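Asker:
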Amino acid sequence: MYNWIDALADLQTRGEPCVLVTIIEELGSTPRNAGSKMVISATQTFDTIGGGHLEYKAMQIGREMLASGRQDTHLERFSLSASLGQCCGGVTVLLFEPMGQVQAQIAVFGAGHVGRALVPLLASLPCRVRWIDSREAEFPEQIPHGVRKIVTEEPVDEVDDLPAGSYCIVMTHNHQLDLELTAAILKRNDFAYFGLIGSKTKRVKFEHRLRDRGFDSSVLQRMRCPMGIGEVKGKLPVEIAISIAGEIIATYNANFGQHTASAGSSIAKLLPASRRSQALN
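Numbering (full-length UniProt numbering), first residue to last: 1 to 281.
1. Which residues mark the beginning and the end of the beta strand (DSSP E) in which His74 is found?
2. Are there 16 or more other CB atoms within 10 angstroms of the CB of Leu181, so buried, or fewer, so exposed?
3. Taking Cβ to Cβ, would you say Phe194 is nearer than 8 Å to Met223?
4. Report back the beta-carbon spacing between Val39 and Thr45 to the nearest angstrom; my notes put them in contact at under 8 Å.
5. Check whether the Cβ atoms of Ile244 and Leu118 sit closer than 8 Å, and answer yes or no.
6. DSSP state of Leu162, grouped into three classes?
7. Return helix, strand or coil for Glu141, following the three-state DSSP convention.
8. Can you tell me whether Ile23 is buried or exposed? The criterion is at least 16 other CB atoms within 10 Å of its CB, across all chains shown.
9. For Trp4, which residues from the same chain have a beta carbon less than 8 Å from its beta carbon, with the 5 sequence-adjacent residues on both sides left out?
10. So is Thr201 buried or exposed if we call it buried at 16+ other beta carbons inside 10 Å?
11. Please look up how many angstroms separate the CB atoms of Phe96 and His74, rounded, as I've assumed it's under 8 Å.
12. Quick one, are the C-beta atoms of Glu153 and Ser166 less than 8 Å apart?
13. On the CB-based measure, 16 or more other CB atoms within 10 Å of its CB, does Tyr252 come out buried or exposed?
14. Short of 6 Å in beta carbon distance, which residues of its chain neighbour Arg14, apart from the five on each side in sequence? Order them along the chain.
15. Quick one: which unbroken alpha helix (DSSP H) runs of 4-plus residues sit fully inside the stretch 195-244? Chain order, please.
16. Below 8 Å on the Cβ atoms is my contact criterion, and I expect Gly198 with Pro155 to pass it. Report the Cβ-Cβ distance as a whole number of Å.
17. For Val129 and Arg116, which I take to be in contact (beta-carbon distance under 8 Å), what is that distance rounded to the nearest angstrom?
18. What first and last residue would you give for the beta strand (DSSP E) that runs through Asp10?
19. Candidates Asp178, Thr30, Phe215, Phe206: which alpha carbon is nearest Val91's?
20. If we count the other Cβ atoms within 10 Å of its Cβ and call it buried at 16 or more, is Gln221 buried or exposed?
21. Assuming Lys122 and Ile242 are in contact, meaning their beta carbons sit under 8 Å apart, how far apart are those beta carbons, in whole angstroms?
22. Could you check the C-alpha separation between Asp190 and Ala164 for me, to the nearest Å?
23. Please work out which residues of its chain come closer than 8 Å, Cβ to Cβ, to Gly100, disregarding the five sequence neighbours upstream and downstream, and give them in chain order.
24. Report the partner residues of Met99 according to the DSSP bridge assignment.
25. Which of the three DSSP states, helix, strand or coil, is assigned to Arg116?
26. Could you spell out the range, first to last residue, of the beta strand (DSSP E) harbouring Arg135?
27. How should Glu26 be labelled, buried or exposed, when 16 other C-beta atoms within 10 angstroms of its C-beta is the threshold for buried?
28. Quick check on DSSP: helix, strand or coil for Arg63?
29. Does the distance from the CB of His173 to the CB of Gly110 come in under 8 Å?
Now the structure itself:
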């Protein structure tokens, strides 16, 4: 069994949210002393605050916090005999601290100059980023913390591995690859956000081809192309990256804690229409 500090470090390295539970006060007879800690993830617990019904209630509260995306600390007082039926009969106060809560899982397809400007911005947010390209040489030597570099000859295959509710950004060097990625992402249709780099003309062409493949208009409307906030002007890679990052922030602030698996939660309802008619790639 991991002790709590090793478990916390491991979970944070993997980008897996958890709750750190600490006994901050003890009165009378209690199973463990003040300062005892345990870590609760969505599927596991590490170390112990004494077992029994107290620990069960702590696990229940911790997992409710994880499921709701709650990020504030929480104090709770337990009377071990009166409310929990434990024989030790004392009183314990627990502190619940969310750790490593991630607001967005983001997949960036493409390591061109816009991708290289965008990914460091995303990495500075409470997000986890998968950065995917077939070209090893396009990635910078230093990959930002919290970013997982994936070099693969089949970027489309990575779509199947994305968590539900992911934020998908497609900006590869190849329009046919962009189309295949778009089709795979729209087929899943369980993303929180999907942006495709390009002009209004590119969107029209892609919509025509995707309709030929059987995609209906309600699904196609969920695609942001052109993507980015139109009020952020300019065609430099960093300017485009800032407009896309701004759109991502607006989306996860509006949707955090919700599952967006239907066209009814279209990003178009949250943001002004993008006026960007073309973008560097």
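The beta carbon of each residue, even a glycine, is placed where N, CA and C say it ideally should be. All of these numbers come straight from a predicted model, not from anything done at the bench.
Answerer: Inspection of the coordinates gives the following:
1. 74-79 is the span of the beta strand (DSSP E), which, as asked, contains His74.
2. Counting the other CB atoms within 10 Å of its CB gives Leu181 a total of 16 or more, which places it among the buried residues.
3. The Cβ-Cβ distance between Phe194 and Met223 falls below 8 Å.
4. With 8 Å as the limit, Val39 and Thr45 qualify as a contact, their Cβ atoms being about 7 Å apart.
5. Going by C-beta atoms, Ile244 is nearer than 8 Å to Leu118.
6. Here Leu162 carries a coil assignment [DSSP, helix/strand/coil].
7. If DSSP states are grouped into helix, strand and coil, Glu141 belongs with coil.
8. When all chains shown are included, Ile23 counts as buried.
9. Taken in chain order, the residues that qualify are Leu20, Lys37, Met38, Val39, Phe46, Asp47.
10. A residue is called buried when at least 16 other Cβ atoms come within 10 angstroms of its Cβ; Thr201 does not meet this threshold and is exposed.
11. Between the beta-carbon of Phe96 and that of His74 there is about 4 Å, and that keeps the pair under the 8 Å contact cut.
12. It is not a contact, given that the beta carbons lie outside the stated cut-off.
13. Tyr252 comes out buried.
14. None.
15. Runs found: 200-212, 217-220.
16. About 17 Å separates the two Cβ atoms, so there is no contact after all.
17. At roughly 13 Å, the Cβ-Cβ gap does not stay under 8 Å, so Val129 and Arg116 are not in contact.
18. Unbroken run through Asp10 is the alpha helix (DSSP H), 4-14; no beta strand (DSSP E).
19. Out of Asp178, Thr30, Phe215, Phe206, Thr30 has the C-alpha closest to the C-alpha of Val91.
20. By the 10 Å Cβ count, Gln221 comes out exposed.
21. In the sequence on display, residue 122 carries Leu and not Lys. Not quite, the Cβ-Cβ distance comes to about 11 Å (not below 8 Å), so this is no contact.
22. Their Cα atoms are separated by approximately 6 Å.
23. Answer for Gly100: Leu11, Gln12, Gly15, Glu16, Pro17, Cys18, listed in chain order.
24. Cys18, per the DSSP bridge assignment.
25. Correct three-state label for Arg116: helix.
26. Unbroken run through Arg135: none, as it is neither H nor E.
27. It counts as buried.
28. Correct three-state label for Arg63: helix.
29. Their beta carbons are under 8 Å apart, which means His173 touches Gly110 by this criterion.
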